[in-house]
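Residue numbers (our numbering): 4 to 165.
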């Protein structure tokens, strides 16, 4: 299964539309939106016709049925999805990986820092797609496409908008 991962769109629907022009984005069978602005997930769902799992970020107002964290099952993997601000991710991802492990997840997805990251924390793969709208690690926004197969390590592809 191929999933798209995006975060920190901050109401910039044009950045989401630009992201969706990439062939890699068209491969996504579902999307994860890691917050800031969780409501943008509605636009992403409408634009793609695909399921979008979402969480609240530190810049989000409460939304019915949307939480600070959730677990998503996809491609034989359990994914712990959160924005990250409640897990001290500006300093390291150990607390996030521990929460994912406790939830029985092997993949932790977060945003908040606006900086793309891929790392292993023991048995948990930790990823941040950066920010599609307001990157802090490059001149252009970014998103990820992750290939998931049961029993195999996830394959990550970070795409920078041009």
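Even for Gly, the Cβ is constructed at its ideal location relative to N, Cα and C.
This one's a predicted model, so the numbers in the text were calculated from it and none came from an experiment.
Assuming residue i and residue j are in contact, meaning their beta carbons sit under 8 angstroms apart, how far apart are those beta carbons, in whole angstroms?
i	j	result
residue 163	residue 145	5 angstroms
residue 19	residue 43	6 angstroms
residue 109	residue 96	Actually they do not touch by this definition, with Cβ atoms about 14 angstroms apart.
residue 152	residue 107	Incorrect: roughly 18 angstroms between the Cβ atoms, too far for contact.
residue 7	residue 28	6 angstroms
In whole angstroms, what separates the C-alpha of residue i from that of residue j?
i	j	result
residue 91	residue 116	10 angstroms
residue 4	residue 103	20 angstroms
residue 141	residue 11	14 angstroms
residue 13	residue 136	7 angstroms
Using DSSP with H/G/I as helix, E/B as strand and the rest coil, what is residue i?
i	result
residue 36	strand
residue 12	coil
residue 134	coil
residue 59	coil
residue 90	helix
residue 147	strand
residue 4	coil
residue 139	coil
residue 101	helix
residue 161	strand
residue 110	strand
residue 41	coil
Does the stretch 36-45 touch the stretch 70-89, meaning 3 or more C-beta pairs lie closer than 8 angstroms? Taking 8 angstroms as the limit for Cβ pairs, the verdict is that the stretch 36-45 does touch the stretch 70-89.
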